[in-house]
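Numbered by numbering that gives the first Met the number 0, the letters in the sequence shown go through residues 0 to 345 in order.
Backbone N, C-alpha and C define an ideal beta-carbon position, used for all residues, glycine too.
To start, the structure itself, in structure tokens.
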Amino acid sequence: MNLTNGKRKIALLYGGRGCEHSVSIASAEYVWSVIDRRKYELLCVFIDKAGAWWLSDGVPSPSGHDTYRASHKREVFPCRAGELCGLFDGEKILPVDCAIPLLHGDYGEDGRIQGALDSAGIPFTGADVITGAVCIDKGFTRALAEQIGIPTARGVSLPRAASLEDAARAARQIGFPVFVKPRRLGSSVGAGAARDEAELTSVFRRAALYGEVLIEEFIDGKRELEIGALFLRGRHILSPVGEVLCNGFYDFDKKYGGSTQTVCPADISGGVAEKIREYAVRLCEAASLCGTARIDFFLSDGRLLFNEINTLPGFTKDSLYPALMRAAGIDEGELFNLLVEDAANR
Ligand SMILES: Nc1ncnc2c1ncn2[C@@H]1O[C@H](COP(=O)(O)OP(=O)(O)O)[C@@H](O)[C@H]1O
Ligand SMILES: [Mg+2]
């Protein structure tokens with residue numbers, strides 16, 4: 000471990016090739032403001048939409064991609080030479096003790112960035128390559144949940160290159176209305192409901208633009224309950240259960256438009272809260288999770304259904320995950336101290 004001025008060198012990775020590029024920048028902006036700068040020296044690494052990594056001296060900010068390209072001229076690459084692991088800037092390797100990937104969804108939460116870091120020998124916070132890759136896929140996590148006896152909405156994971164006719168057959172089997180979503184994406188991109196076969200055509204085509212598709216029974220009048228988890232070596236911490244008061248489809252605009260209210264703790268019975276905690280621990284253990292996760296459930300007509308695991312939950316100033324962890328007694332600065340120390344010692 001290199002300690003310059005007694006500080007660990009931390010690379011904050013954000014932006015990225017994925018659909019949640021702008022959300023990632025907002026997360027980085029917030030993390031930059033809460034991380035303990037007395038302990039850590041931060042290297043901000045902006046990943047542009049083409050996948051190039053740029054070293055920035057400044058603060059992450061939500062300004063556009065082009066502004067970044069113009070002002071962040073030092074392209075860097077994750078690299079290892081002997082014992083030295085870090086970022087190569089074309090001349091030298093800048094040592095990095097630990098990276099914090101803050102990239103949500105595809106090209107970030109799905110193990111791809113983690114694979115690059117791992118290959119260069121750079122420790123990183125959060126889920127490892129395999130766990131990230133498994134948890135991004137709602138088909139896999141549904142199967143995992145079912146295998147350990149945790150209920151999910153009835154659904155069918157369609158294979159790659161499934162046709163509209165395959166989708167219609169699956170929807171008829173489940174029964175309309177159905178909910179259609181890409182298996183490996185986040186922030187509700189490409190997701191939507193279909194009441195009948197006519198609607199299914201456009202909804203399926205849109206979802207299929209993003210790869211494999213999942214079709215589920217439409218869960219009506221549901222409440223969306225979410226729990227935060229922090230899995231460290233030898234111990235885990237769970238938050239109280241929070242709720243998103245979204246009234247229907249929790250789409251991209253509701254997620255980031257600033258108008259949706261979240262509450263923590265949710266107004267639910269002790270029995271439901273206990274069940275959610277139990278399911279969350281079993282799911283995280285089955286997925287070999289390390290680091291952060293937000294595990295999401297639906298509650299409808301007394302049915303508690305697992306929906307998804309997010310291994311890199313949104314971390315903007317308005318995001319639920321930091322609020323959940325604060326309610327668990329861990330503020331943002333402390334959260335990153337724990338994550339970095341855990342990653343560096345892994
Ligand atoms: N089976 C379903 N029935 C009704 N609404 C759903 C269903 N699945 C997802 N949704 C709605 O779509 C939103 C996004 O779906 P989700 O599975 O959480 O994917 P993402 O990874 O994009 O957040 C959910 O928060 C919920 O509002
Ligand atoms: Mg979700």
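* **As assigned by DSSP and simplified to three states, the class of Thr-310** => Taking the sequence shown and counting its residues from 1, one reaches residue 310 at position 311. Looking at Thr-310 - three-state DSSP - the assignment turns out to be coil, as it is neither helix nor strand.
* From which residue to which residue does the alpha helix (DSSP H) around Glu-225 run? -> Sequence index remark: in the sequence shown, residue 225 carries index 226 (1-based). Taken as a continuous stretch (DSSP letters only), Glu-225 belongs to no alpha helix (DSSP H), being part of the beta strand (DSSP E) at 222-231.
* Indicate the three-state DSSP secondary structure (helix, strand or coil) for Lys-180 in the structure shown. => Taking the sequence shown and counting its residues from 1, one reaches residue 180 at position 181. Three-state DSSP puts Lys-180 in a strand.
* To do: Could you spell out the range, first to last residue, of the beta strand (DSSP E) harbouring Ile-92?
  => The residue given as residue 92 occupies position 93 in the sequence shown. Looking at the DSSP string, the run of the beta strand (DSSP E) that includes Ile-92 is 92-94.
* Asked: From Gly-220, Gly-14 and Lys-8, pick the residue whose C-alpha is nearest to that of Leu-41; which is it?
  -> Counting from 1 along the sequence shown, the entry for residue 41 is found at position 42. Out of Gly-220, Gly-14 and Lys-8, Lys-8 has the C-alpha closest to the C-alpha of Leu-41.
* **Backbone secondary structure at Thr-200 - three-state DSSP** => Counting from one through the sequence shown, the residue named residue 200 turns up at place 201. Note: Thr-200 maps to helix in three-state DSSP.
* Run the CB neighbour count on Asp-65, radius 10 Å, all protein chains shown included, and call it buried at 16 or more, exposed below. => For the purposes of this step, residue 65 is taken as the residue at position 66 of the sequence shown. Note that Asp-65 scores 47 on pLDDT, short of 50, meaning its location in the model is unreliable and no value can be drawn from it.
* Asked: Hey, Ile-218 and Phe-297 are a contact pair by Cβ (cut 8 Å); roughly how many whole angstroms apart?
  -> Your numbering for residue 218 matches position 219 in the sequence shown. Your numbering for residue 297 matches position 298 in the sequence shown. In this structure Ile-218 touches Phe-297 by the C-beta definition: roughly 5 Å separates them, less than 8 Å.
* How many Å lie between Thr-285 and Pro-239 at the Cα? -> Stepping through the sequence shown from its first residue, residue 285 is reached at position 286. Stepping through the sequence shown from its first residue, residue 239 is reached at position 240. The question names Thr, yet the displayed sequence has Ala at residue 285. So the alpha carbons of these two residues sit roughly 21 Å apart.
* **Nearest-angstrom Cβ-Cβ length linking Asp-87 and Cys-78, presumed shorter than 8 Å** => In the sequence shown, residue 87 corresponds to position 88, counting from 1. In the sequence shown, residue 78 corresponds to position 79, counting from 1. Note that residue 87 is Phe in the sequence shown here, rather than Asp. About 4 Å; that satisfies the 8 Å criterion.
* Asked: What's the call for Asn-306, buried or exposed, on a 16-neighbour Cβ count within 10 Å?
  -> Numbered from 1 along the sequence shown, position 307 holds the residue referred to as residue 306. By the beta-carbon neighbour count (other beta carbons within 10 angstroms, threshold 16), Asn-306 is buried.
* CA-to-CA distance, Ala-190 to Gly-247, given in whole angstroms -> Against the sequence shown, residue 247 aligns to sequence position 248. Against the sequence shown, residue 190 aligns to sequence position 191. Approximately 13 Å, taken between the alpha carbons.
* Going by other Cβ atoms of all chains shown within 10 Å of its Cβ, with 16 needed for buried, is Leu-353 buried or exposed? -> Since the first residue of the chain shown is 0 and the last is 345, residue 353 is not available in this structure.
* Can you say whether Leu-282 is buried or exposed, counting buried as having 16 or more other CB atoms within 10 angstroms of its CB? => Counting from one through the sequence shown, the residue named residue 282 turns up at place 283. Result: buried.
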